Amino acid sequence: MDNPALFFNIPKQLSKGKTFLGFPSDEVLPALVIFGVFLAGRHEAVGFVLAAFWFLGLHSIKKTHGDNFIRLTLYWYAPDSLSAPLFAITPSAEKRYWIH
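Each residue of the sequence shown is one higher than the one before, counting from 3 in this note's numbering.
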């Protein structure tokens, strides 16, 4: 921790999430997929309830843990084989000396 060359700034891709139609994409896109699958199966009400449950549940979790809870959890705790392709321009999670 004494070597300043090991310190990194937090990249914008980890501190700011992506949006879709003004909503966070990790809340809306899976909800739309859930609704679309059940809509294709002619179970619109069940799809709407499950999509709303996903959206509201994830929204309430993100209120307590932060907006980028899912991305940061994947970055810190996912195995290197999964996190390396997702976070190509960020340093590996083993280098945990960040400048805030």
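We put the CB at the ideal spot given by N, CA and C, even for glycine. Just so we're clear, the structure is a prediction, and the values are computed from it rather than from any experiment.
Check: Three-pair Cβ contact test at 8 angstroms for the segment 79-86 versus the segment 44-53; Outcome: no
Check: Residues that P26 bridges to, as DSSP identifies them; Outcome: T21
Check: Element boundaries [alpha helix (DSSP H), containing G59]; Outcome: 46-67
Check: I63, buried or exposed, once every other Cβ within 10 Å from all chains shown has been counted against 16; Outcome: exposed
Check: L58 to V39 span [Cα, whole Å]; Outcome: 19 angstroms
Check: Where G49 falls, given that 16 or more other Cβ within 10 Å makes a residue buried; Outcome: buried
Check: Outcome for A53 when other beta-carbon atoms lying within 10 angstroms are tallied against a minimum of 16; Outcome: buried
Check: Span of the alpha helix (DSSP H) around A86; Outcome: 82-88
Check: Beta-carbon proximity list for D28, same chain, < 6 angstroms, skipping 5 on both sides; Outcome: I72
Check: Status (buried if at least 16 other CB within 10 Å, exposed otherwise) for A33; Outcome: buried
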